[in-house]
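Working notes, beginning with the structure itself.
In the numbering used here, the protein residues as written are -5 to 338.
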């Protein structure tokens, strides 16, 4: 098992869970209050757009002017309130739309509102948990500080029995379940072991295959010293990054084609001009014979580019495919990875 897993991993060239500041912490020093300061979205679907409305109310006796309202990440779009004046006792709505990632796990976004009077920014927050039909816990692989083994809890969100078919294309190792004798369950404990993967060879994602049609592949983010900023050392040179680097193509047959979408985002700090031609997509390509890719077009959405491509599996492709795809732009190339389970 260990040797097979190690052979499947290829060389690559903000931890979540940090405690945020208290929402609306500056309200006592501000003429504005945010209602509500915090929105709990609960379980949210992968890839969904979550839109909610906050109300900014002037509780002072003087007019208040908003200098800016900006999000903590480019996954969130907002109502443009720059220069908006709010009369005493009046209020204005701030609509925020957060794009949920496709990978499972917690997701949050903050909105910072600054005022002309120089008071501390107000903070509004919304958060939820991206939930799949089969939900892993934890929704990541903790391979930090020498940790190389662990257990993931997989539970069906609707309580229906299911099967875990493979982990990285190899048979899963269960803690208390024998697939040869036991009936399918709604809950499993599955071991993962990366002890045979040398330092510097970690991939960013570990793929788990299930028999649920809605989630044939579950991506688990690998947290390791080499899978963060070191994994993409050229990001500052080209001025953009791919936020979610795995593209799930699901189950495919040899020779089958499927259209997929990859988003990349401007990485230049707010207030500075983007690098020229960062948003000019020249094409896509791969060196992996398991797939072929064709560039179908790109669309700009603010600080984000949405790249469409067609992925075709090779006639001899089989099993788990995890193929690197390079997006070439006017400032350089960056990689994402197409994942699929290929079988006749």
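Using N, Cα and C, we set each Cβ at its ideal position, and we do this for glycine too.
Small disclaimer: the values here were computed from a predicted structure and weren't measured.
query, result
"For residue 194 and residue 289, the rounded distance between their alpha carbons", "30 Å"
"Of the residues 174, 42, 128, the one placed nearest residue 93, counting alpha carbons only", "42"
"Own chain residues within Cβ distance below 8 Å of residue 331, not counting five before or after", "197, 198, 199, 239, 240, 241, 316, 317, 318, 319"
"Bounding residues of the alpha helix (DSSP H) (the contiguous stretch that carries residue 232)", "229 to 232"
"Whether residue 128 touches residue 95 by CB criterion (7 Å)", "no"
"Option nearest residue 122 by Cα separation, candidates 138, 108, 101", "101"
"N- and C-terminal bounds of the beta strand (DSSP E) containing residue 87", "85 to 93"
"Whole-angstrom distance between residue 90 and residue 45, CA atom to CA atom", "6 Å"
"Cut-off 7 Å between Cβ atoms - residues of its own chain near residue 226, not counting five sequence neighbours on either side", "235, 328"
"Span separating the alpha-carbon of residue 5 from that of residue 220", "Model confidence at residue 5 stands at a pLDDT of 35, short of 50, so the residue's coordinates are unreliable and nothing is read from them."
"Cβ-based neighbour list, residue 312, same chain, cut-off 6 Å, excluding 5 preceding and 5 following", "336"
"Separation of residue 207 from residue 126, as counted between CA atoms", "11 Å"
"Residue 162 - DSSP class collapsed to helix/strand/coil", "coil"
"Residue 23 (DSSP reduced to helix, strand or coil)", "helix"
"Separation of residue 247 from residue 202, as counted between CA atoms", "18 Å"
"Classification of residue 338 by the beta-carbon crowding that lies within 10 angstroms, buried from 16 upward", "exposed"
"Member of 145, 65, 157, 310 whose CA lies at the smallest distance from the CA of residue 169", "145"
"Distance CB(residue 323)-CB(residue 275) smaller than 7 Å", "yes"
"Residue 74 burial status per 10 Å Cβ neighbour count (16 or more: buried)", "exposed"
"8 Å contact criterion, which residue 80 and residue 58 should meet: CB distance rounded", "5 Å"
"Residues near residue 150 by beta carbon distance below 6 Å, same chain, minus five either side", "128, 156, 180"
"Selected residue, minimal CA-CA separation from residue 271, among 265, 249, 264, 233", "233"
"Residue 285: first and last residue of the uninterrupted beta strand (DSSP E) it sits in", "285 to 295"
"For residue 173 and residue 48, the rounded distance between their alpha carbons", "49 Å"
"Sub-7 Å separation of residue 136 and residue 217 beta-carbons", "yes"
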